[in-house]
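Peer 1:
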Amino acid sequence: VLRVKPSRFDACDLHSVPVVSLGLWCILPNGMSAEWLNYRVQPQMLQLSSASLFVELKFLHRGRCRAGLVRVPAHSEDKARPVVYMFHGSGRKKAPAVKLASTRKGCQRWSDKYLCVYVLSDEEFKGGQSTGIAGWETHDGERTPNRSDVLFVRQLHKAVADRWALNHTNIFAFGHSSGATFVMGRLMFEANDIFRAVAASAGRLWQRMPFYQNRTEWRSCCHVMYNYGGADHHGWGPAVHGKWGQNYGIEASGVRLARANGCRVLATGATELSQTFQDAALKHVVRTVDLNGHPVKRYVFPNCSAGQLVSFLEWTDQSHYFRGVADEFNANLMSFFDGVQRSPACISALNLTVAPKLLKLWSRPVEFFEPTSGSELSRASSSVAGRGVVCGVALSVLVAAVAFVRSSRLRRDYTVAGGTNSLLLISEAQGEQGDLAA
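Take 129 as the starting number for the sequence shown in the numbering used here and just add one per residue.
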């Protein structure tokens, strides 16, 4: 299990600082090498099991420490792979995120032919203090000032693409609860130039989302599979949340996802937020299927703008957590993403321009792992190419002083309960918009 040891210099607190001295470079106090132009830090890897090898990408975004865990395939690392980004629900921090990322509710959902990225949300801050809850925002700045989760995901994707060979026509997102709300209400609308498909379990759309004001004109080209439990304790109708405001009903969320993709759907309701599917004089297709003894009512919306696959699945006997159908649910997810790969729909909507490899030094991701025991570390690369000759004592003192000043400033900007590293500790406790259990 990954544990980040508290230290004076965390990876997000101290970044590589370029210092020129007769063309030579200094090594900073925490062992991170200064970099210039296209220098790349060598990733360090942690072996959790024979099938779970993770690399952490961690960097500052808008003054906050953000991170993602990448499950690295054991073989053929140069092969361009489809990617699934996973977005957890909201909850309090108790267990290491890498432990969740390595389970059947994490990256074990996907076969090794997929590169899996388990994305960590930021913590919620109110009145300058952490609430201890991590979750995804329905609009920028909702949970934390000056925060933009969509821009963070874009930056994380650039970092992943800079280090691994990706199949850029098959970049997918899956979210549960708060994460589901984020992938279908934010990424499907605001980042469908990257993500060709999104899948969601639980969660719903919210009125404060950026798409809402232009919902009738806002069009997307993105494959969608939306799952919801018939016995979910969050209910099916629209409601006003004391903290997050007005939300959509569940079927109304499905209607909006279908219409945003130009699909055929028949629904009625007094308002946009309360619409329900109408099964008479069908525009969409409805049928009930049996998945290993569990009834699932499947709505398929045809004639979408580019032929994309858009569906809503009601798991009739399931609650918010889908605990009774883990195998069936995961198999259905895999089938959906495999089907998207066979479809040409929405490829033309993607931005396939190769991202420039040069990033600002203070925004550049770094890899940082520490195992709980030596036996868990299967391999670690700490070599740094082109370190050069060690700088003089005076220059080293100057570098340390500059880094310390920057670290102190960053630490004031990013203080959370339990220390700067507590971002990586997340629990399965139910949160305000959902829970971490996927």
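By construction, the Cβ of each residue, glycine as well, lies at the ideal position given by its N, Cα and C atoms.
Check each candidate in Phe182, Thr266, Pro338 and name the one with the smallest Cα separation from Thr231.
Peer 2: Nearest option by C-alpha distance: Phe182.
Peer 1: Where in the segment 441-475 do unbroken runs of the alpha helix (DSSP H), each at least 4 residues long, occur, reported from the N-terminal end onward?
Peer 2: 454-470, all fully within the segment 441-475.
Peer 1: Where does Phe302 fall in DSSP's three states?
Peer 2: DSSP places Phe302 in strand when its eight states are reduced to three.
Peer 1: Within 10 angstroms of the Cβ of Glu345, are there 16 or more other Cβ atoms? Answer buried if so, exposed if not.
Peer 2: Label assigned to Glu345: exposed.
Peer 1: Mind checking who Lys425 pairs with in its DSSP beta bridge?
Peer 2: In the DSSP output, where bridge partners are listed per residue, Lys425 has Thr416, Glu442.
Peer 1: For the alpha helix (DSSP H) that contains Gly382, what are its first and last residues?
Peer 2: First-last of the alpha helix (DSSP H) with Gly382: 378-388.
Peer 1: Using 8 Å as the threshold, is the C-beta distance between Cys350 and Ala325 below it?
Peer 2: Going by C-beta atoms, Cys350 is nearer than 8 Å to Ala325.
Peer 1: I need the straight-line Cα distance from Leu228 to Ala408, nearest angstrom please.
Peer 2: Each residue's Cα considered, the two are about 43 Å apart.
Peer 1: Can Val453 and Gln446 be called in contact, C-beta distance under 8 Å?
Peer 2: Yes.
Peer 1: Whole alpha helix (DSSP H) runs in the segment 274-341 with 4 or more residues, listed along the chain?
Peer 2: Counting whole runs of 4 or more residues, the segment 274-341 contains the alpha helix (DSSP H) stretches 277-291, 306-310.
Peer 1: Confirm, please, whether the CB-CB distance from Glu252 to Thr272 is below 8 Å.
Peer 2: A contact, by the Cβ cut-off of 8 Å.
Peer 1: Go to Val198, then tell me how far its beta strand (DSSP E) extends in each direction, as first and last residue.
Peer 2: It spans 192-199 - the beta strand (DSSP E) in which Val198 sits, taken as one unbroken run.
Peer 1: How about Ala287 and Phe187: are their beta carbons less than 8 Å apart?
Peer 2: The answer is yes: Cβ separation under 8 Å.
Peer 1: Taking the straight line between their C-alpha atoms, what separation do you get for Gly191 and Thr297?
Peer 2: About 31 Å.
Peer 1: Tell whether a beta-carbon distance below 8 Å holds between Cys432 and Gly467.
Peer 2: Their beta carbons are not under 8 Å apart, which means Cys432 does not touch Gly467 by this criterion.
Peer 1: Provide the residue(s) that pair with Ala395 in DSSP beta bridges, ordered along the chain.
Peer 2: For Ala395, which the question treats as bridged, DSSP gives the partners Phe405.
Peer 1: Express the C-alpha separation of Thr309 and His412 in angstroms, rounding to a whole number.
Peer 2: So the two alpha carbons sit approximately 23 Å from each other.
Peer 1: Applying the criterion that 16 or more other CB atoms from any shown protein chain within 10 Å of the CB defines a buried residue, is Arg577 buried or exposed?
Peer 2: Since the first and last residues shown for the chain are 129 and 566, residue 577 lies out of range.
Peer 1: Ignore the nearest five residues each way along the sequence and tell me which others in Tyr213's own chain have a CB closer than 6 Å to its CB.
Peer 2: Same-chain partners within the cutoff: Val245, Val247, Ala301.
Peer 1: Identify, in the order they occur along the chain, each residue of the same chain with its Cβ nearer than 7 Å to the Cβ of Ala434, setting aside the five sequence neighbours on each side.
Peer 2: Cys349, Ala473, Cys474.
Peer 1: Please report the Cβ distance between Gly358 and Thr444, rounded to the nearest whole angstrom; I am assuming they are in contact, meaning their Cβ atoms lie under 8 Å.
Peer 2: Indeed they touch by this definition, with Cβ atoms about 4 Å apart.
Peer 1: DSSP three-state call for Cys235: helix, strand or coil?
Peer 2: Reduced to three states, the DSSP call for Cys235 is helix.
Peer 1: Straight-line CA distance for Val311 to Ala327?
Peer 2: Rounded to whole angstroms, Val311 to Ala327 spans 8 Å at the Cα level.
Peer 1: Are the beta-carbon atoms of Glu184 and Ala195 separated by less than 8 Å?
Peer 2: Cβ distance < 8 Å, so Glu184 and Ala195 count as in contact.
Peer 1: Quick check on the burial criterion: 16 or more other C-beta atoms within 10 angstroms. Buried or exposed for Gly363?
Peer 2: That one is exposed.
Peer 1: Which residues in the same chain as Leu401 place their Cβ atom closer than 8 Å to its Cβ, once the five residues preceding and following it in sequence are excluded?
Peer 2: So the list reads Gln335, Pro366, Gln374, Asn375, Tyr376, Gly377, Ala380, once near-sequence residues are dropped.
Peer 1: For His361, which of Leu461, Phe440, Ser305 has the nearest alpha-carbon?
Peer 2: Nearest C-alpha to His361: Ser305.
Peer 1: Terminal residues of the continuous beta strand (DSSP E) containing Glu252?
Peer 2: Counting along the chain, the beta strand (DSSP E) containing Glu252 begins and ends at 251-254.
Peer 1: Measuring alpha carbon to alpha carbon, tell me which of Leu478, Asp277, Phe440 ends up nearest Phe215.
Peer 2: Cα-wise, what sits closest to Phe215 is Asp277.
Peer 1: Please go through the same chain and pick out, in chain order, the residues whose beta-carbon is closer than 8 Å to the beta-carbon of Ala293, but skip the five residues on each side of it.
Peer 2: These residues qualify, in order along the chain: Glu205, Asp206, Lys207, Ala208, Arg209.
Peer 1: Within 10 Å of its beta-carbon, does Asp250 have 16 or more other beta-carbons around it, so buried, or fewer, so exposed?
Peer 2: Buried, by the Cβ-count rule.
Peer 1: From Leu480 to Gln236, what distance separates their C-alpha atoms?
Peer 2: Spanning the two alpha carbons is a distance of roughly 28 Å.
Peer 1: Roughly how many whole angstroms lie between the Cα atoms of Pro430 and Trp372?
Peer 2: Between Pro430 and Trp372, the C-alpha separation is close to 33 Å.
Peer 1: Once the 5 residues before and after Arg282 are set aside, which same chain residues still bring their CB inside 8 Å of it?
Peer 2: For Arg282, where only same-chain residues beyond five positions count, the Cβ hits under 8 Å are Ala319, Ile322.
Peer 1: Quick check: the Cα distance between Ser258 and Pro338, rounded to an integer number of angstroms?
Peer 2: Those two C-alpha atoms are separated by around 25 Å.
Peer 1: Please look up how many angstroms separate the CB atoms of Val383 and Ala395, rounded, as I've assumed it's under 8 Å.
Peer 2: Going by Cβ atoms, the distance from Val383 to Ala395 rounds to 5 Å, so yes, they are a contact pair.
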